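J.: First, the structure itself, so that you have it in front of you.
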Amino acid sequence: MASGPAAQAIKRWISAQSLYYESAKTALLFYVLLIQYLRAYRHVRARGPTQTISEFWQWISKKVILMALRLPSAQKKVQTEMDKARLDIEDKLVPKGAEISRHLALPAEGKPPQWILDEMTKMDVELGSHADWRHGKLSGAVYHGGDDLQKVVVSAFERYSVSNPLHPDVFPAIRKMEAEIVAMCLRMYNNPDGAGTMTSGGTESIVMAVKTYRDWAKAVKGITEPEMIIPASAHAAFDKGAMYMKIKVHSIPLDPISRKVDLKRVRRAINPNTILLVGSAVNFPDGNQDDIVALGALASSHNIGLHVDCCLGSFIVPFLEKAGLSGGENGGTKYKLQPFDFRVRGVTSISCDTHKYGFAPKGSSVIMYRNSNLRKYQYYINPTWTGGAYASPSLSGSRPGALIAGTWAAMQYMGSNGYLESCREIVGAARTIANTITASIPELYVLGSPPASVVAFASQDPKVNVLEVGDAMSKRGWHLNGISSPAAVHIACTRLTVPLVDTFIADLKDSVQEAKTAPSGKGTMVALYGLGKSSAVGPSMVGELATAFLDTLYKA
């Protein structure tokens, strides 16, 4: 082999390249290890050692149990139980029988209008759709229910049934109404110079907020592995949005007494990748409010966003002060509403459902931002599409202008004084229920100190399973919500609840006694919400049941 100067130079070059290659490999290894260490450190810092170990143990337990369930004998038993549960769901949601009419293919000839109306009436009778909600024995769902308002909304629907805000030049009135809806909500939340858009509901409002902060953080702060911090009581839409947007979520436990998010844990969870803090006013599970002022101070000091979820508080919490209901009962802290809107330093966005206590038709919500500079990160813009420049403010392209018209009509019909009176009546009903539980039903206790329309109650008597209480209420015609951590039942009071407060209290007292003296453990709430916490695999089974439920919705 040649050993001249050229060969020696080549050897030296190869040796240098090998050294460089090895150094690069070592540097890359250290970089990867550093990244993984930082991720682990931030996770443990946010969760704490105890919770981290608990999560790891649950993960191991779940894997072991799932492996055990794959054994033929166990798999057969689980499948039998799941099939039984699926049939149960189908029996409740998809009535069977020759007398049930089904329309599985287009008719050869179009049907006359009267036939269509008659067939809808027939379906209502067959399926029993209207009676329950008109009697008012339900939590949330129908927030007004008055025929007078419905006529106004239906008239607006009819007038603008073909409209689409995607074409503002064709439907200029719809564009104007949407802008005015957003403006009215911004003024209601004390930010008339802010910005916002309408969406299809609270979930889309929240998902849009999550998307906005992800894109803002990437553009302004260069964050490519975003994280967000939410209370354990925050709406599931935040987890949904984070999953869609590939954002890591730190779910922070609540103070067991106040039901507010633990601020020390929030502070500990903040790191350089944090893009967003979340607080609720009020939360869905138990109707309590997080400390928005303290969260705002944290958000401001770290230059990150703070989103306040007012989807449920909507047109209730902005009117509590005017209604004389925000200062706490008898001047104390019970039911006291703390500051929550854009007057709070650090609040950068708020979601508000117009279709809840705004009494607008279903499918309408508003997402508000402190300024238009932040709102622009919500938009989707594609200037190079072959179909022409494309831009949309939210997830949907085409949207029903009739919903916008119906929302605008409802807000104009109600007016500020109408919402104020509704606030007084609805919150008054909720507080009567909460106070009666505290004073007259010793087996139960109210979770936290809910300032608005939602009351959640749990059991403090070992002989009373609160989920059995919920099942007993179901037998009495009530449609309530079961929640977990702790197991509890809640009611979101509405206009329909107001005249039924005494009936609710009487039925609740009877249901507690029934659960106490003759526990069955076989009701829907016990089966579903009880299973969720019964073992490491419980949530997986609930997930299977939820999948079966969603599948059943599409069985014709």
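Per this note's numbering, residue 9 is the first one in the sequence shown, and the count goes up by one each step.
The beta-carbon is built from N, C-alpha and C at its ideal position, and this holds for glycine as well.
Values in this document were obtained by computation on a predicted structure and should not be read as measured data.
(1) Can you check which of these residues, Glu235, Thr440, Met251, is closest to valine 463 by C-alpha distance?
(2) Please classify lysine 19: does DSSP put it in a helix, a strand, or coil?
(3) Identify the continuous alpha helix (DSSP H) that holds phenylalanine 246 and give its terminal residues.
(4) Short check: CB of glycine 340 to CB of alanine 460, under 8 Å?
(5) Taking a contact to mean a Cβ-Cβ separation below 8 Å, would you say valine 435 touches leucine 328 in this structure?
(6) Which full runs of the alpha helix (DSSP H) of 4+ residues lie inside the stretch 171-230, going along the chain?
(7) Would you tell me roughly how many angstroms separate the C-alpha atoms of proline 527 and asparagine 473, rounded to the nearest one?
(8) With alanine 289 and valine 316 assumed to form a contact (beta carbons below 8 Å), what rounded beta-carbon distance in angstroms separates them?
(9) Touching or not, the stretch 200-211 and the stretch 226-236, by the rule of three or more beta carbon pairs under 8 Å?
(10) Measure the C-alpha to C-alpha separation of tryptophan 224 and asparagine 311 and round it to an integer number of angstroms.
(11) Can you say whether tryptophan 486 is buried or exposed, counting buried as having 16 or more other CB atoms within 10 angstroms of its CB?
(12) Considering only their Cβ atoms, is the gap separating valine 286 from methionine 236 smaller than 8 Å?
(13) Would you kindly check if the distance between the Cβ of glutamine 386 and the Cβ of glutamine 346 is under 8 Å?
(14) Determine the DSSP secondary structure at cysteine 360, reduced to helix, strand or coil.
(15) Using beta-carbon positions only, say whether threonine 364 and leucine 428 come within less than 8 Å of one another.
(16) What are the start and end residues of the beta strand (DSSP E) that includes glycine 313?
(17) If you follow the beta strand (DSSP E) that isoleucine 389 is in, where does it begin and where does it stop?
(18) Assign serine 402 to one of three DSSP states: helix, strand, or coil.
(19) Between the beta-carbon of glycine 551 and the beta-carbon of glycine 371, is there less than 8 Å?
(20) Apart from the five residues on each side of it in sequence, which residues of its chain come closer than 6 Å, Cβ to Cβ, to glycine 136?
(21) In angstroms, rounded to a whole number, what distance separates the CA positions of glycine 336 and alanine 437?
(22) From alanine 556 to glycine 354, what does the alpha carbon distance come to, in whole angstroms?
(23) Can you list, in chain order, the stretches of the beta strand (DSSP E) that have 3 or more residues and sit fully within the stretch 450-537?
(24) So, is leucine 101 buried or exposed, given that buried needs 16 or more other C-beta atoms within 10 angstroms?
(25) Let me make sure I understand the geometry here. Which of His152, Thr211, Pro261 has the alpha-carbon closest to that of isoleucine 375?
(26) Note down, in chain order, each residue of its chain lying with its Cβ closer than 8 Å to the Cβ of glutamate 134, except the 5 sequence neighbours on either side.
(27) Measure the alpha-carbon distance for valine 161 versus aspartate 96 and round it to whole angstroms.
(28) Decide if valine 170 is buried, meaning its Cβ has at least 16 other Cβ atoms within 10 Å, or exposed.
(29) Taking just the CA atoms, how far does isoleucine 255 sit from lysine 628?
(30) Which residues in the same chain have their Cβ closer than 6 Å to the Cβ of alanine 397, if we skip the five residues on either side of it in sequence?
(31) Here's the rule I'm using: 16 or more other beta-carbon atoms within 10 Å means buried, otherwise exposed. How should glutamate 451 be labelled?
(32) For the alpha helix (DSSP H) containing threonine 444, name the first residue and the last one.
(33) Given that a residue counts as buried once 16 or more other Cβ atoms are within 10 Å of its Cβ, and exposed if not, what is phenylalanine 367?
(34) Identify which residue in Arg407, Ser359, Tyr562, Lys384 has its Cα closest to the Cα of tyrosine 197.
(35) By Cβ distance below 6 Å, which residues in the same chain neighbour serine 404 in space, the five residues on each side in sequence not counted?
(36) What are the residues that DSSP puts in a beta bridge with histidine 2?
T.: Per the coordinate set shown:
(1) For the purposes of this step, residue 463 is identified with residue 455 of the sequence shown, where counting begins at 1. Answer by Cα proximity: Thr440.
(2) For the purposes of this step, residue 19 is taken as the residue at position 11 of the sequence shown. Note: lysine 19 maps to helix in three-state DSSP.
(3) Numbered from 1 along the sequence shown, position 238 holds the residue referred to as residue 246. Start and end: 244-253.
(4) Within the sequence shown, residue 340 is the residue found at index 332, counting from 1. Within the sequence shown, residue 460 is the residue found at index 452, counting from 1. No, these two residues do not count as a Cβ contact at 8 Å.
(5) Counting from one through the sequence shown, the residue named residue 435 turns up at place 427. Counting from one through the sequence shown, the residue named residue 328 turns up at place 320. It is a contact, given that the beta carbons lie within the stated cut-off.
(6) 180-196, 210-224
(7) Here residue 527 refers to the residue found at position 519 of the sequence shown. Here residue 473 refers to the residue found at position 465 of the sequence shown. Between proline 527 and asparagine 473, the C-alpha separation is close to 8 Å.
(8) Taking the first residue of the sequence shown as 1, we reach residue 289 at position 281. Taking the first residue of the sequence shown as 1, we reach residue 316 at position 308. Yes, they are in contact, since the Cβ atoms of alanine 289 and valine 316 sit about 6 Å apart, within 8 Å.
(9) no
(10) Position 216 of the sequence shown, counted from the first residue, corresponds to residue 224. Position 303 of the sequence shown, counted from the first residue, corresponds to residue 311. Cα to Cα, the separation comes out at about 12 Å.
(11) Residue numbering aside, residue 486 sits at position 478 when the sequence shown is read from its first letter. Burial call: buried.
(12) For this step, residue 236 is matched to residue 228 along the sequence shown. For this step, residue 286 is matched to residue 278 along the sequence shown. Taking 8 Å as the Cβ cut-off, methionine 236 and valine 286 qualify as a contacting pair.
(13) As a position in the sequence shown, residue 346 is number 338, starting the count at 1. As a position in the sequence shown, residue 386 is number 378, starting the count at 1. Taking 8 Å as the Cβ cut-off, glutamine 346 and glutamine 386 do not qualify as a contacting pair.
(14) Counting from one through the sequence shown, the residue named residue 360 turns up at place 352. Of the three classes helix, strand and coil, the one that applies to cysteine 360 here is strand, per DSSP.
(15) Taking the sequence shown and counting its residues from 1, one reaches residue 364 at position 356. Taking the sequence shown and counting its residues from 1, one reaches residue 428 at position 420. It is lysine, not threonine, that sits at residue 364 in the sequence shown. Cβ distance not < 8 Å, so lysine 364 and leucine 428 don't count as in contact.
(16) The residue you call residue 313 lines up with position 305 of the sequence shown. Per DSSP, glycine 313 belongs to the beta strand (DSSP E) from 313-317.
(17) Residue 389 sits at position 381 when you count from the first residue of the sequence shown. Note, isoleucine 389: beta strand (DSSP E), 388-390.
(18) For the purposes of this step, residue 402 is identified with residue 394 of the sequence shown, where counting begins at 1. Coil, per DSSP.
(19) Position 543 of the sequence shown, counted from the start, is the residue given in the question as residue 551. Position 363 of the sequence shown, counted from the start, is the residue given in the question as residue 371. For glycine 551 and glycine 371, no; Cβs fall outside 8 Å.
(20) Here residue 136 corresponds to residue number 128 of the sequence shown, with the count starting at 1. Nothing meets the Cβ criterion.
(21) The residue given as residue 336 occupies position 328 in the sequence shown. The residue given as residue 437 occupies position 429 in the sequence shown. Answer to the nearest angstrom: the Cα atoms are 16 Å apart.
(22) On the sequence shown, position 548 is the one that residue 556 refers to. On the sequence shown, position 346 is the one that residue 354 refers to. The straight-line gap from Cα to Cα measures roughly 42 Å.
(23) 452-454, 462-467, 489-491, 496-500
(24) Translated into the one-based positions of the sequence shown, residue 101 becomes position 93. Exposed, because fewer than 16 other Cβ atoms sit within 10 Å of the Cβ of leucine 101.
(25) As a position in the sequence shown, residue 375 is number 367, starting the count at 1. Checked all of His152, Thr211, Pro261; the closest Cα to isoleucine 375 is Thr211.
(26) Locating residue 134 in the sequence shown gives position 126, counting from the first residue. The residues are Pro103, Glu107, Ile108, Ser109.
(27) Translated into the one-based positions of the sequence shown, residue 161 becomes position 153. Translated into the one-based positions of the sequence shown, residue 96 becomes position 88. If I take the Cα positions, the gap works out to 37 Å.
(28) Counting from 1 along the sequence shown, the entry for residue 170 is found at position 162. So valine 170 ends up on the exposed side.
(29) Examination of residue 628 is not possible in this model, given that the chain is present from 9 through 564 alone.
(30) Locating residue 397 in the sequence shown gives position 389, counting from the first residue. For alanine 397, where only same-chain residues beyond five positions count, the Cβ hits under 6 Å are Pro391.
(31) In the sequence shown, residue 451 corresponds to position 443, counting from 1. So glutamate 451 counts as buried.
(32) Position 436 of the sequence shown, counted from the start, is the residue given in the question as residue 444. Per DSSP, threonine 444 belongs to the alpha helix (DSSP H) from 409-448.
(33) In the sequence shown, the residue the question calls residue 367 occupies position 359. Buried, by the Cβ-count rule.
(34) On the sequence shown, position 189 is the one that residue 197 refers to. Nearest C-alpha to tyrosine 197: Ser359.
(35) Taking the sequence shown and counting its residues from 1, the one referred to as residue 404 is at position 396. Excluding positions up to five away in sequence, the list is empty.
(36) Residue coverage of the chain in this structure runs from 9 to 564, which leaves residue 2 outside it and unanswerable.
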